[in-house]
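The listed protein sequences derive, respectively, from chains A and B.
Residues 74 to 325, numbered by our numbering, are exactly what the first sequence covers, in order.
Residues 88 to 653, numbered by our numbering, are exactly what the second sequence covers, in order.
A virtual CB, placed ideally from N, CA and C, is assigned to each residue, including glycine.
Report on the following structure.
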Amino acid sequence: MIKLIDLTKVYKGFCAVDEINIDVKAGAIFGFLGPNGAGKTTTIKMMAGIIKPTSGQIIINGMNLAEKPSAVKQYVGFIPDRPFLYEKLTGFEFLLLIAGLYRLDHTPLFDHRISELLELFDLSHWKDELIESYSHGMKQRLVMCASLLHRPGVLIVDEPMVGLDPRAARLVKGIFKEQASNGTTIFMSTHSLEVAQEICDEIAIIQTGQIVAKGTSEALRRMAGVDGDLEHTFLKLTEGKRLGHEKFLSAH
Amino acid sequence: MKNFYLLIKPRFFAFRNQLISSKGGKRKRIFILGGLGFAFCCGMFVVSSRVLMHFQSVEVIGDLVARYLLSMILLTFFSLLIFSHIITAVSNLYLSKDLEFCHSTPVSVEELFLSRSFFTLMDSSWMLLIFGLPVFMAYAYVYRPGAGFYFTLLHMNLAMIIIAAGAGILITMLLVYVFPAQRTKDIIMFIAILMIVALYFLFRFLRPERLANPDSFFSIMEYLSALKAPQSPYLPTQWITETLWDSLTVPGGKNHMFAVTLTWVTALSMVVINVWVAQAVYIAGFSKSQEAKKRHTVGTKILDVFVRCIKKPFGEDLGAIIAKDLRTFFRDNTQWSQLILLGALVVVYVYNFSVLPLDKSPIKLDFLQNELAFLNMGLAGFVLSAISARFIFTAVSAEGEAYWVISSSPMRLRQYLWGKYVYFLFPMVFLAEVLVIVTNYLLDVTCFMMFLSSIAMFFMVLGIVALGIGFGALYANFKYENIAQLSVGFGGVLYMIVSSIFIAIVIVLEAGPVYILFTSDASGTTVTAFQWLLIIASFLMVVLINILAIFKPMKMGLKALREYEG
């Protein structure tokens, strides 16, 4: 369903993502782990069509993002790491904006879909309030709500649990699992190793722009040669390689 | 006071680091902006000097007018400084992002308050340097005072700034104590805009140009009494005017110890009073400013109907963006209230044409009316460019950090950009035609000129709007603090320059053919074949320049957006 082929991003002579190759099966939840500044968000932004790769290809549902950007984006739902929204709109108006951008027909069924999603993300009572009065967690839930509005086949998610309370985090994990069981492919970057261990079918670890390990959490554990949870595996696989380019990336 | 220095240090470090770390393009921008600022100052100096020299050449009343002008300038600066301090004080004392951190440190309230007041003073007073210095230097150039004038100018202006800062900050503290800071900011912006509009109307309708023309007064005594009309003796600007004027015109200067002492005592008292008031209300006000923002919307139904009507022709996706833009604009008090300024600008623009003394001109009336109509196109073009710099140049950046919503959506950026173009085109064409037709009607121009102006203006607006959208996309800044500041940034200034050049080229290219047609009409001769060739070539050039002004910036803007990497 998702294929990243030799994907590379170079910022003014600095390689933030270095020829990464990833293949994600349909209906899978794919975890994308890595230390700060490893290239996770850059990869995700390229996949969402926000920034252009320097070289390489992004194939989603058999379509090349560079060749058919609109068709690919129509098929994808994107949840960024920071929920920057239009503060002077209400939650409901924001969802209408998204519906317009994804050309969803305004039918009674569509109204039902909005109500259903608002209910699911516990935002029904807030739908007519300005977004500027929402908390960080509420904004994050609204973005998730919007990303599911057009029933995407692929969900690209950057750090979904940041700012969510334990109840909301559990809700989101449940929704992701349910979406995947219904056939949606989820590509998710996260710092939360617990979340990755709990819901991801496959995991890739990126460091200094390169994939250093890939597979199920069991396979990664074997690769690292450690017992215990994913935290040990992660630390073992990324140890001793502090990032010289962290400073550079933070400037971008 | 040790903590005071610690608190103001980061601002200096940031400024220094920005200067050191800026390379290539950034440094070039600093030089270009610096150069433009310098050119502006030179222009102000030349214009002010010529005006003052003209006044000086008028016997008896020349110096009186110059003195009156100085007091008017100082009073205007003083009022603007107070407003400017009120607005910046809300941000610096209550809404800055680093305030939470500063308040959590063990520094005293007084030190924190003084450091923030210092920032407010710095942020608000640079205006005096840019606008005031060339004017004061022009006075010095014309009146050739001794070194004492420069010393007086320096310390009296400093005292005036401190008094204005004190008054502005004091008003802000009391307002925030009563209202939450966010609402106070809105209220202040709104009041400020209304005050500016009122002052603008008052100043314009008083027709200050009459001061340079004593004939317009009933008697010379009435004129002199208008000039000598005393300001309030309690106003600091009165003390400063007296001191400055005497150090300008009296050799060696008069002894103004009382006025100087009064000014400085007032300035220092303002500082002390402010610290006392801050001890009492600043923390309580800051705590209030942390309250949640507005939750509910007002007038949603009317806005909904309005939005539905406007977005209809734009289709599903573009319509959604336009609905979002309209809602955001009308819900942001700092944005929609600028329409009041726009309205005032248009009214005064039209009014200026209604009071033109055409009958007193030595030039033939018919010819002058049509000449003015031609000039009017240029002026209206510049007015539209200025409006466009504020509203259209910022249209792309207005997406703010939520731009990811657009860039990750299936909508094509080409459609997005051209959609914004069409959306702004209609109101701009309407405004342009109203300006040109109404003023041409007041000028009583010929039908031909009325028709030509309307058509030429229509095509010019196509270019002005495209330049605005294109440059706005080329210099898009999605991480702004205040969107109004973008139009006076590098991209905004560059847009104004390019737009002005575009207007000037179009006017120059159209002037030739119009001159040919008018002179042949006036002299009763026929236009020769060569002249027709010139006319056609000129109009073809205008069409070409317009096409270039429409498509080139849009293409550049589109490319920049596609390559935008956040």
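query, result
"Just tell me which of B:V483, B:A225, B:V347 has its CA closest to the CA of N244 of chain B.", "B:V347"
"Anything in chain A within Cβ reach of W491 of chain B, meaning under 8 Å, just list it in chain order.", "A121, I123, F151, P153, F157"
"Would you call P221 of chain B buried or exposed, if buried means 16 or more other Cβ atoms sit within 10 Å of its Cβ?", "buried"
"With hydrogens ignored, establish whether the beta-carbon of S376 of chain B is closer than 7 Å to any heavy atom of the ligand COA.", "For the ligand COA, the structure offers nothing, since it holds no ligand at all."
"Could you please give the first and the last residue of the uninterrupted beta strand (DSSP E) stretch that includes G550 of chain B?", "Segment 534-561 is the alpha helix (DSSP H) holding G550 of chain B; no beta strand (DSSP E) there."
"If you run the structure through DSSP and keep just helix, strand and coil, what is L581 of chain B?", "helix"
"Under 8 Å Cβ to Cβ from I637 of chain B, same chain only, skipping five residues before and after it: list those, please.", "L549, G550, A553"
"What do you reckon, are the CB atoms on F236 of chain B and S166 of chain B nearer than 8 Å?", "no"
"For T289 of chain A, report the span of its alpha helix (DSSP H) as first-last.", "Neither: T289 of chain A is in no alpha helix (DSSP H) and is coded neither H nor E."
"Within the region 180-262 of chain A, note down every full beta strand (DSSP E) run reaching 3 residues or more, in order along the chain.", "227-231, 258-262"
"Residues of chain A with CB under 7 Å from S424 of chain B, in chain order?", "Simply none; closest approach about 14 Å."
"Please confirm if E187 of chain B has its CB atom under 8 Å from at least one CB of chain A.", "no"
"Does DSSP put S496 of chain B in a helix, in a strand, or in coil?", "coil"
"To test your reading of the DSSP string, which unbroken beta strand (DSSP E) runs of 3 or more residues are found completely within the region 96-120 of chain A?", "102-106"
"Can you give the Cα-Cα distance for V327 of chain A and M261 of chain A, rounded to whole angstroms?", "Any property of residue 327 of chain A remains undetermined from this structure, which presents chain A solely from 74 to 325."
"Would R414 of chain B count as contacting chain A if we go by Cβ distances under 8 Å?", "yes"
"Quick check: what's the CA-CA separation for L322 of chain A versus T281 of chain A?", "For L322 of chain A, the predicted model reports a pLDDT of 46, less than 50, meaning its position is unreliable; a value from the coordinates is still stated below. Distance between the alpha carbons of L322 of chain A and T281 of chain A is about 11 Å."
"Tell me whether F307 of chain A sits in a helix, a strand or coil according to DSSP, three-state version.", "helix"
"Which whole-angstrom value is the C-beta distance of A172 of chain A and L222 of chain A, which I expect to be below 8 Å?", "6 Å"
"Do we get a CB-CB distance below 8 Å when we pair E568 of chain B with the residues of chain A?", "no"
"If we call anything under 8 Å between Cβ atoms a contact, is S211 of chain B one with H172 of chain B?", "yes"
"To the nearest angstrom, report how far apart A616 of chain B and G468 of chain B are at their CA atoms.", "32 Å"
"Hey, does Q213 of chain A have any beta-carbon neighbour from chain B nearer than 8 Å?", "no"
"Could you tell me which whole beta strand (DSSP E) segments of length 3 or greater appear in the region 117-184 of chain A?", "128-133, 149-152"
"Would you please verify whether the beta carbon of S143 of chain A is less than 8 Å from any beta carbon of chain B?", "yes"
"Helix or strand or just coil, what does DSSP make of E394 of chain A?", "Residue 394 of chain A is absent from the model: chain A starts at 74 and stops at 325."
"Could you check what DSSP says for K74 of chain B in three-state terms: helix, strand or coil?", "Absent from the structure is residue 74 of chain B, since the part of chain B shown begins at 88 and ends at 653."
"From the DSSP output, read off the bridge partner residues of K399 of chain B.", "Note: K399 of chain B sits in no beta bridge, so no partner."
"Compare the Cα-Cα distances from I174 of chain B to each of B:L186, B:S135, B:L257 and report the closest residue.", "B:L257"
"Of all the residues that make up the region 166-191 of chain A, which are near chain B by a beta-carbon distance shorter than 9 Å?", "E166, F167, L169, L170, I171, A172, G173, L174, Y175, R176, L177, D178, H179"
"Run through DSSP, which three-state label would E275 of chain A get?", "strand"
"Which same chain residues end up closer than 6 Å to K118 of chain A when comparing Cβ atoms and leaving out the 5 residues on each side of it in sequence?", "I124"
"Alpha helix (DSSP H) containing V83 of chain A: first to last residue?", "From DSSP, V83 of chain A is part of no alpha helix (DSSP H) but of the beta strand (DSSP E) over 75-84."
"Would you kindly check if the distance between the Cβ of F205 of chain B and the Cβ of I95 of chain B is under 8 Å?", "yes"
"For G644 of chain B versus G557 of chain B, is the C-beta distance shorter than 8 Å?", "yes"
"Whose C-beta lies closer than 8 Å to the C-beta of P600 of chain B among residues of the same chain, with five residues either side of it excluded?", "L621, I622, S625, F626"
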